[in-house]
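Notes follow the structure.
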Amino acid sequence: MYLLLIGTLLLPLVSSCPLGCSCIEKRFLAICDAADFGSVPVGLPSDITELSLSKNRIKLLSDNSIPANLGLIKLDLSENQIFDISTLAFGARNSALQQALTTLTLHSNQITLVPTEALQNLRFLQDLSLGGNSIKWMRAESFTGLTRLNNLDLSSNGLDQLAADAFKGLDNLQSLNLSENSLKILSPGMLRHLTSLSTLDLSRNSIRMISPGSLSHFTRLDELFLTANRISALDPGIFTTISHNLKLLDLTRNEVTSLKHGVFRGCNQLITLKLGHNMMSYISEENEYPFQGLYKLRVLRLDSNRLISLPATSKAWNDLKNLQELYLSGNLLQILPEFEPITMLPGLQKLDISANLLSTLKAGSFRCFPNLENLDVSNNVIS
Ligand SMILES: *[C@@H]1O[C@H](CO)[C@@H](O)[C@H](O)[C@H]1NC(C)=O
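Counted the way mature numbering (1 follows the signal peptide of the UniProt record, and there is no 0) counts, the sequence shown spans residues -16 to -1, 1 to 367.
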């Protein structure tokens, strides 16, 4: 009886939790967010596998500042003021921490240089977020040792150039986020080590051109985001090497004035093509139509351009057997074409032609969409 009493008195002590944190024992989790910590609190339960210290005021991660005996799988240090991370911040090589950590979030701090030395022994790291810092440039082999890294977030850093070998060693990287930086050009070599990449986000940079061959290393690329850049010309052939896998291509909010023939040639797996908010005034009719061969395309966005007409010939459309949604709102269309009788988009369910200059709708305009369910013709001048 006496022993039992001592036992129950001691128990809460064993699984104590530092003031300012809450520990969820069943999930081996300690949450110490927004508690004004200037360093990692002492007295964390030794069996936790996740630690969140987001929204504190930690400035410095000095040697061993994360207890190296903790077998943390996830560590969240986002939204602090960290500007320096010393070589042994995550303990010595092969510490419990180094053997366990798979997810490290350093989002929204004040880091100016990738902490290569501190990171290089985190051999099991899969997800690393360095977004929202002030990393303006990167040394060669910045991520050496991180051979298992899958996802790397470097968004919102002000990066304006990438050293040719910056990403060397990231043989298994699947997703790279470089959005909201200041990159001006995408050139061959910059990302050449990333042969496993399936998602690349380059949106919200200042990229004016994609030079030929710069995408040629990405034979497994599924999703390419180039939203909100300054791309005006897309040269035929730039997507050729990635064409076999590409499923999503987002070119929304660029300065594309026309689509040269053959630009999407070979993109026969493409499901979503976003070209809204560009400056196209016509769909090219030379030799070949740009959407020919896009057999799997389901969503085509051409909204908010300056289109004054659409091609009427069936050759321009008939490969789009799987198209389900076509967005044409916010253009300058005065009439919808009298499509050739053999034109057929049997999959089309949604057609948005709102906010154009249509004054009449002709019977022939809709006969090629036998399965249309949703038609928006609002904000036109139909009398
Ligand atoms: C890249 O990062 C930005 C900013 O953090 C985010 O909004 C976007 O969704 C990310 N991209 C991908 C593909 O996850």
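Positions of the beta carbon are idealized from the N, C-alpha and C atoms, including for glycine.
(request) Can you tell me which of the three DSSP states A347 falls into? (result) helix
(request) Take every Cβ of the region 282 to 293, pair it with every Cβ of the region 247 to 258, and state whether three or more of those distances are shorter than 8 angstroms. (result) yes
(message) So L332 and L312 are supposed to be a Cβ contact under 8 angstroms. How far apart are they, rounded?
(response) The Cβ separation is near 12 angstroms, so there is no contact.
(message) Just to confirm, is the Cβ distance from L320 to S349 under 8 angstroms?
(response) yes
(request) Run the CB neighbour count on E357, radius 10 Å, all protein chains shown included, and call it buried at 16 or more, exposed below. (result) exposed
(request) Give the straight-line distance between the Cα atoms of F151 and R11, rounded to the nearest whole angstrom. (result) 35 angstroms
(request) Pick out whichever of W121, R204, S140 and H245 has its Cα sitting closest to the Cα of L157. (result) R204
(message) To test your reading of the DSSP string, which unbroken beta strand (DSSP E) runs of 3 or more residues are found completely within the region 87 to 141?
(response) 87 to 89, 111 to 113 and 135 to 137
(message) Taking the straight line between their C-alpha atoms, what separation do you get for K280 and L291?
(response) 24 angstroms
(message) Which same chain residues end up closer than 6 angstroms to L35 when comparing Cβ atoms and leaving out the 5 residues on each side of it in sequence?
(response) A14, L56 and L59
(request) For the alpha helix (DSSP H) containing S298, list its first residue and its last residue. (result) S298 to W301
(request) Counting only the same chain and skipping the five closest in sequence on each side, list residues whose C-beta sits under 6 angstroms from that of A19. (result) G4
(message) In whole angstroms, give me the CA-to-CA distance for L106 and I42.
(response) 21 angstroms
(message) By the DSSP assignment, the beta strand (DSSP E) with L335 in it spans what residues?
(response) K334 to D336
(request) May I ask you to verify whether the region 115 to 125 touches the region 83 to 101, counting CB pairs closer than 8 angstroms and requiring at least 3? (result) yes
(request) Since I believe P274 is in contact with S268 (beta carbons under 8 angstroms), could you give me their beta-carbon distance rounded to a whole number of angstroms? (result) 6 angstroms
(request) Given a cut-off of 8 angstroms, decide if N262 and L235 are closer than it, judged by their beta-carbon atoms. (result) yes
(request) Whole angstroms is fine: what's the gap from Y230's alpha carbon to D336's? (result) Sequence inspection shows Leu at residue 230; the Tyr mentioned does not correspond to that position. Rounded to whole angstroms, L230 to D336 spans 25 angstroms at the Cα level.
(message) Less than 8 angstroms between the C-beta atoms of L90 and L72, yes or no?
(response) no
(request) Use the C-beta contact count for residue 446: other C-beta atoms within 10 angstroms, 16 or more gives buried, fewer gives exposed. (result) With the chain running from -16 to 367 in the structure shown, residue 446 is simply not present.
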